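Residue numbering for the sequence shown follows the numbering used here, beginning at 5 and increasing consecutively. Glycine included, each C-beta is placed from N, C-alpha and C at the ideal position. Nothing here was measured: the structure is a model prediction, and the numbers come from that model.
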Amino acid sequence: MNPIDSRANDAHEHDAEWIPVLAEDALGEGEVVGVEAHGEEIAVYCVQGELHATSDLCTHGFARMSEGFLEGCEIECPIHQGRFDVRTGEPTCGPVTEPLRRHAVRREDGRIWIRLDQGAG
Ligand code: FES
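What follows is the structure, encoded as structure tokens:
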């Protein structure tokens, strides 16, 4: 088996799943931006140079994480100030109790790409 061919095939399959959502320079350090991919509302975060992506919608009520306050690795909901760790989606401060769904995210060719969580929907 040729490992290079195998990688090329994997990359080709994954290309169909990765969706470009932003220019890389549209998201600065310590910022969160809301985007849409295949009808899913997604929040993309840049924390200490690392990208993270979660559902943009709070698990407690109708609020967008992209309109919240990002402090370190935590995003604070703009409605009731519940908090989540953007690296894991886990709640860190009530009233939220359910985690945010996470999505894969990467930089390539000057853009930010999302791959929807396979359990999404
Ligand atoms: S809507 Fe987000 S904490 Fe209530």
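In chain order, the residues that have a beta carbon nearer than 6 Å to some heavy atom of ligand 1 are C62, H64, G65, A67, C81, I83, H84, G86, P99, V100. Between D121 and R105, the C-beta spacing is below 8 Å. Counting only residues of its own chain and dropping the five nearest sequence neighbours on each side, H64 has a CB closer than 6 Å to the CB of G86, P99, V100.
The three-state secondary structure of D60, taken from DSSP, is coil.
Comparing alpha-carbon positions, the option among H42, E54, T96 lying closest to R119 turns out to be H42. In this model, I23 and C97 are separated by some 31 Å (Cα to Cα).
For the pair E45 and H107, the Cα-to-Cα distance works out to about 11 Å.
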